[in-house]
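Contents: one structure, followed by commentary.
Numbering (the numbering used here), first residue to last: 0 to 119.
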């Protein structure tokens with residue numbers, strides 16, 4: 000019978016108190032597109048405000064609250080489509096992040112403010 004060389008590794012180390020939980024999240028301006036056809040049938044939500052976006056943002060806040068550092072993509076910085084609410088700030092407050100920063104990368108004035116965000 001052939002012999003096999005098996006090497007055992009040391010057991011996993013327990014996480015110390017200095018670990019950081021990171022998350023990168025594309026929030027799609029608070030739009031919950033769950034099916035491919037939503038990109039056609041609900042494309043108006045990228046331009047006009049809709050009340051369900053706050054429900055979606057609140058669900059996002061629940062998810063991100065478990066992390067230490069969160070990077071957000073496709074947030075709106077406060078235009079018509081988000082009811083003039085800075086979504087980065089909104090999520091920071093809802094998820095209890097004391098520090099946040101919004102970086103607008105495409106400013107279309109009151110129609111859209113495409114932004115990224117960082118929460119800590």
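Ideal placement from N, C-alpha and C gives every residue a C-beta, glycine not left out.
{"query": "Leaving out five residues before and five after residue 93 in sequence, what residues of the same chain have Cβ atoms less than 6 Å from its Cβ?", "result": "60"}
{"query": "Using a Cβ-Cβ cutoff of less than 6 Å, which residues in the same chain neighbour residue 90 once the five nearest sequence positions on both sides are dropped?", "result": "60"}
{"query": "Who are residue 87's beta bridge partners in DSSP?", "result": "Looking at the DSSP assignment, residue 87 forms no beta bridge with any residue, so it has no partner."}
{"query": "Considering only the alpha carbon of each residue, which of 29, 30, 69, 79 lies closest to residue 95?", "result": "69"}
{"query": "Between residue 17 and residue 67, what straight-line distance do the alpha-carbon atoms span, to the nearest angstrom?", "result": "11 Å"}
{"query": "Please state the DSSP three-state secondary structure of residue 108.", "result": "coil"}
{"query": "At which residues does the beta strand (DSSP E) containing residue 75 begin and terminate?", "result": "68-75"}
{"query": "Give me the residue from 108, 100, 72, 63 with the minimum Cα distance to residue 82.", "result": "108"}
{"query": "For residue 55, which of helix, strand or coil comes out of DSSP?", "result": "helix"}
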